[in-house]
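Here my numbering is used: the first residue of the sequence shown is 10, the next is one more, and so on.
Heads up: the structure comes next, in structure tokens.
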Amino acid sequence: MLLGMAAAVLPLAIHLFSRGRTRPEPFSDLSFLQQVHQSRMRRIRLRQWIVLLLRTLAILLLAAAFSRPAYQAAGSAWIGSSVPTAAVLLLDRSYSTTYRTAEGRLFDQLRGRAAALIELFSPGDRVTMIPFAGDVAGSDEPASAELLRQHLEDATPSEEATNLRAALSAGSRSLARETLGNRELFLVTDLSHHDWLDPEPLADSLVADQVYVLSPPPRPRPNLFIEHLDISGWMPAAGARLDVAAAVANAGDEPVAGVSADLFIDGERVQRRQADLPARATITIAFAVTPRRAGRITGYVELDHDALPLDNRRYFALDVSADIGVLLLGESSTDTYYPRRALAAAGAADPALRLDSGLFAELDSNRLDTVDVLFLCNLRHLDAGRTRLILDFVRGGGGLVLFPSPLVDVSYLNRELLAPLVPAAVVRTRHDRSQTLAVDGGHHALLDDLLTPREEDRPRFDSWFEMAAQPGLEPLARFANGHLFLATGSAGHGRVVLAAVPLSDEWSDLSFKGIFAPLMHRLTRHLSQRPEHDRSYQVGDSVARFLHGIPAGSTVAAESPSGDRLLISPETVAGRLAWSVPLVDESGIWHLNIDAEVVDQFPVNVDTRESRLQPVRRQRVVELLGAERVQFVEGDVDVRDLVLGNRFGRELWREFLVAALLLLLLELWIARAPRSAPSAS
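And the structure:
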């Protein structure tokens, strides 16, 4: 546009070419008139030069105005806005952006802001757009404006939660590769509260001269969602009661009355509850249902639809047992007496439990074929053949509970039995009269409500085996001194629970306490199910599923809730074959299929931390990103003047344009000024 200043010569050219040539003509002596004429012509020429100057200045000012002059407070001035810029547009596509307002989805509003940003850049700028949710999507390379518009049109919201650190890191990496004059970062987000609570400031790792935070208007965003589900009871069985508790949260500032919650089992609604939700509170809505069949069942709890439907459902899956075979073995019937009595009492209330007992000498493969859980009570030593049977049983998917004998062969136990199964070893015998169990946390959910602070209910231990644990061994319970009491680990498709005490009243009074019977029952139920039976995943996770009895060469397809299918291959994880889904990107019930047969089902849920939609405070954003470069652009505020002002200072094109118009008006007035009337002689 500066080339337009060349047009300033046009008034001069027009003036020069329009000058007429004079030709002298003889006339009478009119010297007085000639003197008057010369005086008048001097005034006319002066007015013409003034008009010529005004026209020239007006054209210069018009050309300068279109060249976008600017002034910065530091005293530097720019004529023209051709300083190149490197910019990154971070577009939030986390599931909170699917929230619907009167103006439409938040994501559509954010996409509109991003589209307006693209128009800010000239062809010489290098602009990158990075959509993000749980992770960044797309390329971090600069693209043309046309390609950016196409990417923006193709962008859709995800079901993942926000990973702000990953997005800002990707933006900084992209800007770090650039050497242009301005480096700008545009964060186009709904400012949903989640992930802004990162305690570590991010400003030091940001590579940007300016950071612009563009967000929708800061209006209330009430939202109801299911925070989590608790499925209680250690014995889900066909015909037995199953309790499901849904924690329902109200993230809004107003109470909500008459909220409906429905429980669905295998796609069928089986129960409905209604409740009132106070403002900014979480309540529990309880369901009680009786599964009508055994096997893998799936379900969900659903709330009434609101402005953010994605978090109104919470999915679950669990195995309902029809038959659990339990075998208790000991050197003599005395060794199995107490656990046999405990499990027999539990079996009166658990229709799935099938109990058998015997001696170590009676152990054979035929007996193990009908067993799900094996108790080795006061084990001292087994021959190589029976040891191999136990190893194969566990690796094939069986559950093992091991109580060592007071006279256990420690070398055999550690080397022949434990080493191939779990990363644990018995070190030595410890004596500490009246040692008890820790009750102040740190135990597995298996022991919830079993460990009470009442002294008379807690078992006492005079002696125990000290266990050495390696990574991969999970503590279930500890003594008050911190040593392991119960620990578990996986081996192949099965699991092992190792106790630090024998079943001996000379070592402890565990068998006489109220904790003993429910503990034996819960251990049985716990080990009868595959390790990941009740595992719930979040959108964005990678999933590894262990399929018992499925050959490694089988063709397995993962099917998403929307019906998309992906062929997956097995890999070895912790010594077992696992079929892995690299990324679960939808909430719902996923299936693993072989041909048309469903061989596994597992639930995937959204990360409900994203469901608390109130925008984060500005001060928190400033603390994380740095006060010296963060600027906020909310609602429909025009970002253009703010961005260009930061790049070049205060633009002066309006002032130049007004000055040009004033000069043109002045030129019109001078050019049309009335001539003086001739005086009468």
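All C-beta atoms in this analysis are idealised placements derived from N, C-alpha and C, irrespective of residue type, glycine included.
Fair warning: this is a prediction, and the values are worked out from it, not measured in the lab.
Discussion item. Which of the three DSSP states is assigned to tryptophan 588 in this structure?
Written reply: Per DSSP, reduced to three states, the secondary structure at tryptophan 588 is strand.
Fill in: Cut-off 8 Å between Cβ atoms - residues of its own chain near glycine 248, not counting five sequence neighbours on either side
So the list reads Thr299, Pro300, Arg301, Pro360, once near-sequence residues are dropped.
Worksheet item: Considering only C-alpha positions, which residue in the set Arg64, Gln57, Arg54 is nearest to leucine 671?
Response: Ranking the options by Cα distance to leucine 671, first place goes to Arg64.
Worksheet entry | Buried or exposed by the 16-neighbour rule on C-beta atoms within 10 Å, applied to glutamate 277 | The residue is exposed, with fewer than 16 neighbouring Cβ atoms inside 10 Å.
Fill in: Bounding residues of the beta strand (DSSP E) (the contiguous stretch that carries alanine 124)
Taken as a continuous stretch (DSSP letters only), alanine 124 belongs to no beta strand (DSSP E), being part of the alpha helix (DSSP H) at 115-127.
Worksheet item: Which residues mark the beginning and the end of the beta strand (DSSP E) in which tryptophan 599 is found?
Response: Start and end: 597-603.
Worksheet item: Going by other Cβ atoms of all chains shown within 10 Å of its Cβ, with 16 needed for buried, is glycine 503 buried or exposed?
Response: So glycine 503 counts as buried.
Worksheet entry | Host alpha helix (DSSP H) of serine 241 (start-end) | Taken as a continuous stretch (DSSP letters only), serine 241 belongs to no alpha helix (DSSP H), being part of the beta strand (DSSP E) at 233-241.
Worksheet item: Could you give the distance in angstroms between the alpha-carbon of leucine 211 and the alpha-carbon of threonine 171?
Response: Distance between the alpha carbons of leucine 211 and threonine 171: 15 Å.
Practice prompt. Would you kindly report the start and end of the unbroken beta strand (DSSP E) that includes proline 140?
Written response: Looking at the DSSP string, the run of the beta strand (DSSP E) that includes proline 140 is 135-141.
Worksheet item: Can arginine 281 and alanine 295 be called in contact, C-beta distance under 9 Å?
Response: No; because the gap between Cβ atoms is not below 9 Å, this pair is not in contact.
Discussion item. Rounded to whole angstroms, what is the Cα-Cα separation between serine 414 and aspartate 328?
Written reply: Cα to Cα, the separation comes out at about 33 Å.
Worksheet entry | Pair within 9 Å by beta-carbon distance, alanine 72 and leucine 12 | Contact flag set, yes.
Practice prompt. Since I believe leucine 129 is in contact with aspartate 199 (beta carbons under 8 Å), could you give me their beta-carbon distance rounded to a whole number of angstroms?
Written response: Actually they are not in contact, since the Cβ atoms of aspartate 199 and leucine 129 sit about 21 Å apart, beyond 8 Å.
Worksheet item: When we look at the beta-carbon of isoleucine 53 and count the other beta-carbons within 10 Å, is it buried (16 or more) or exposed?
Response: Under this definition isoleucine 53 is an exposed residue.
Worksheet item: Based on the DSSP secondary-structure assignment, which residues constitute the bridge partners of leucine 385?
Response: BP columns for leucine 385 point to Leu338, Leu411.
Worksheet entry | Cross-strand partners of methionine 476 (DSSP beta bridge) | Bridge partners of methionine 476: Val435.
Practice prompt. Whole angstroms is fine: what's the gap from leucine 586's alpha carbon to serine 330's?
Written response: Taking the straight line joining both Cα atoms gives about 24 Å.
Worksheet entry | Close-in-space but distant-in-sequence residues of the same chain around alanine 553 (CB under 7 Å, 5 per side omitted) | Listed in chain order, the non-local C-beta contacts of alanine 553 below 7 Å within the same chain comprise Val582, Ala587, Ser589, local neighbours out to five positions each way being set aside.
Fill in: One or two residues paired with arginine 531 in a DSSP bridge
Answer by DSSP bridge pairing: none, since arginine 531 is not bridged.
Fill in: Same chain, Cβ closer than 7 Å to asparagine 423, neighbours up to 5 away in sequence not counted
The answer, listed in chain order, is Ala434, Val435.
Discussion item. By the three-class DSSP mapping on this structure, what secondary structure does histidine 160 have?
Written reply: Helix.
Worksheet item: Quick one, are the C-beta atoms of serine 201 and leucine 622 less than 9 Å apart?
Response: For serine 201 and leucine 622, yes; Cβs fall inside 9 Å.
Item to complete: Spell out a yes or no on whether the segment 338-346 and the segment 307-316 are touching, meaning 3 or more CB-CB pairs, one atom from each, closer than 8 Å.
Response: Taking a cut-off of 8 Å on C-beta distances, the segment 338-346 does not touch the segment 307-316, as fewer than three cross pairs fall below it.
Worksheet item: Do you know how far the Cα of isoleucine 274 is from the Cα of leucine 388?
Response: Rounded to the nearest whole angstrom, the C-alpha separation of leucine 388 and isoleucine 274 is 43 Å.
Discussion item. Tell me the DSSP secondary structure of glutamate 277 in three-state form.
Written reply: DSSP, read as helix, strand or coil, puts glutamate 277 in strand.
Discussion item. Quick test of your reading: tyrosine 324 and serine 103, contact by CB under 8 Å. State the CB separation rounded to the nearest angstrom.
Written reply: A Cβ-Cβ separation of about 19 Å leaves tyrosine 324 out of contact with serine 103 under the 8 Å criterion.
Worksheet item: Shortest alpha-carbon distance to arginine 574 belongs to which of Thr497, Ile333, Val607?
Response: Comparing Cα positions, the closest option is Val607.
Worksheet item: Hey, how far is the Cα of glycine 261 from the Cα of alanine 284?
Response: In a straight line, the C-alpha of glycine 261 is about 16 Å away from that of alanine 284.
Worksheet entry | Buried versus exposed call for glycine 498 [16 or more other C-beta atoms within 10 Å across all chains shown] | Around the C-beta of glycine 498, 16 or more other C-beta atoms lie within 10 Å, and the residue is accordingly described as buried.
Worksheet item: Going by other Cβ atoms of all chains shown within 10 Å of its Cβ, with 16 needed for buried, is serine 374 buried or exposed?
Response: By the neighbour-count rule (16 or more Cβ atoms within 10 Å), serine 374 is not buried but exposed.
Practice prompt. Quick one: grab the DSSP three-state call for asparagine 655.
Written response: Three-state result, asparagine 655: helix.
Worksheet entry | Own chain partners of alanine 258 with C-beta closer than 6 Å, once the 5 adjacent residues on each side are dropped | Setting aside the 5 residues that flank it on each side, alanine 258 is surrounded in the same chain by Phe234, Glu236, Thr291, each with a C-beta closer than 6 Å to its C-beta; the list follows chain order.
Item to complete: Enumerate, from N- to C-terminal direction, the unbroken alpha helix (DSSP H) stretches of 4 or more residues contained entirely within the segment 323-380.
Response: Listed in chain order, they are 346-356, 374-377.
Worksheet item: With distances taken between CB atoms, is the gap from aspartate 332 to arginine 363 smaller than 9 Å?
Response: Yes, they are a contact pair.
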